[in-house]
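Numbering (our numbering), first residue to last: 3 to 385. Data block below; observations after.
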């Protein structure tokens, strides 16, 4: 159940001293082949961290041999020095694991605008290289945590091949081709083009549908590496399904661990004229702070759902909208439906279902409630 679930991969996690807490803060994932095929998707935020720019360049030829990741500092908005730091991380990793610097991806996460303590980072890379192991996936997942309360791993088995992965993220979770930091691995023997297609399709309906707080990171990265160690070439559709399963598992874990959250909210939009309409409506509802506060208070305030729908450009008739909260249709035909007191919101998981009654398309967005704990954590983050 980790990034080393697939054959041909080694990983490790160490405490390099980047974090003042003394918690683990640097990880390596190494592909021992025989294949080095890879694909990735990155944030669409126009302000992009140096590691994102480096990794985009490294992936240009569809090959990666290793990924170095650190928590405790985002290396974003750090100027030319930050660019040099990302390059040095790749070079030091390549030297430590016998790879080419141009085949090493770099991922960083933490506070924006602060240079990394590179002496500690480079020592940490050397230490992590010494600890590389086929059993190192769990400690690698621990080392990339920032405000995460738990580490996040997942795996899916194919016919004699496997997809595994790890993720970090508990805040700044909003879509932009990718969300948070994720490393996925497979021992399937497939080309970079096949990986790219599988990854983009999986991300489109998993990580791109997570919207915790409407904030998009400067460092969002999702990577998929293939070792080919199984010597099995699966049908592309089967590979896509397995990658999707791992991505969806990790995406749900991210929402479950969202900063300060006490409720996990699934917004399901059906009866839309198009998938784009369904996504737009679902995202508007997921980002409605009034609704998120109401659900935190266990108040089935469906009027706030309709208000959010009305801000979109989706096709619908306001007098035909239906809304259910945890299976109770509290709104019918744009007006009062079943009694609100039938809705039980005591459980952690909540489902909001909207029927636009305008077509056959649908989409699901995952979010969470807005709590005082979220405000406290983010008001004190840099301290």
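Each residue gets a CB set at the ideal place from its N, CA and C atoms; glycine is no exception.
Among residues of its own chain, excluding the 5 on either side of residue i, which ones have a beta-carbon nearer than 8 Å to its beta-carbon?
i	result
residue 220	45, 47, 49, 50, 51, 54, 76, 78, 79 and 114
residue 291	372
residue 5	11, 13, 31, 139, 142, 143, 155, 166, 167, 168, 185, 186 and 187
Could you spell out where the alpha helix (DSSP H) holding residue i opens and where it closes?
i	result
residue 22	Element bounds for residue 22: n/a, residue is neither H nor E.
residue 124	120 to 133
residue 277	277 to 288
residue 202	194 to 206
residue 326	Per DSSP, residue 326 belongs to no alpha helix (DSSP H); it is in the beta strand (DSSP E), 324 to 327.
residue 296	291 to 298
Taking 7 Å as the line, does the beta carbon of residue i fall inside it for any heavy atom of the ligand GDP?
i	result
residue 303	Ligands in the displayed structure: none, and consequently the ligand GDP is not present.
For residue i, report the span of its beta strand (DSSP E) as first-last.
i	result
residue 167	164 to 170
residue 68	68 to 73
residue 107	106 to 111
residue 154	154 to 159
residue 228	223 to 228
residue 365	363 to 370
residue 274	266 to 274
residue 353	351 to 357
Quick check on residue i: does DSSP put it in helix, strand or coil?
i	result
residue 261	coil
residue 90	helix
residue 79	coil
residue 311	helix
residue 51	coil
residue 8	coil
residue 245	helix
residue 140	helix
residue 99	helix
residue 186	strand
residue 306	helix
residue 85	helix
residue 180	Interpretation of residue 180 is limited by its pLDDT of 47, a score under 50 that renders its predicted location unreliable; no figure is taken from the coordinates.
residue 37	coil
residue 318	coil
residue 338	strand
residue 60	helix
residue 347	coil
residue 233	coil
residue 254	helix
residue 65	strand
As a quick exercise: from the options, pick the residue whose alpha carbon is nearest that of residue i.
i	options	result
residue 236	190, 21 and 268	190
residue 214	333, 289, 303 and 364	289
residue 375	265, 315, 333 and 319	265
residue 304	276, 274 and 335	335
residue 135	106, 12 and 193	12
residue 271	251, 302 and 368	368
residue 22	306, 73 and 35	73
residue 342	94, 96, 302 and 39	302
residue 182	269, 71, 353 and 312	71
residue 1	353, 346 and 188	The displayed coordinates of the chain run from 3 to 385. Any statement about residue 1 would go beyond what the structure contains.
residue 362	81, 348, 278 and 339	278
residue 207	332, 92 and 247	247
residue 10	18, 39 and 20	39
residue 249	211, 274, 119 and 232	211
residue 355	377, 308 and 348	308
Here's a check: name, in chain order, each residue in its chain whose Cβ is nearer than 6 Å to the Cβ of residue i, leaving out the five neighbours to either side.
i	result
residue 116	75
residue 318	358 and 360
residue 36	230
residue 285	213 and 367
residue 276	363
residue 316	279, 282 and 283
residue 199	none
Among residues of its own chain, excluding the 5 on either side of residue i, which ones have a beta-carbon nearer than 7 Å to its beta-carbon?
i	result
residue 16	26, 28, 126, 129, 130, 133 and 145
residue 370	214, 257, 260, 263, 265, 266 and 267
residue 310	286, 287, 290 and 293
Quick check: the segment 140 to 152 against the segment 255 to 270, are there 3 or more CB pairs under 8 Å? yes
Contact between the segment 321 to 331 and the segment 233 to 250 is defined here as three or more beta-carbon pairs at a separation below 8 Å; is this criterion met? no
For the 8 Å Cβ check, are there 3 or more pairs between the segment 260 to 267 and the segment 60 to 68? no
Using 8 Å as the threshold, is the segment 135 to 148 in touch with the segment 93 to 103, meaning 3 or more CB pairs across them? no
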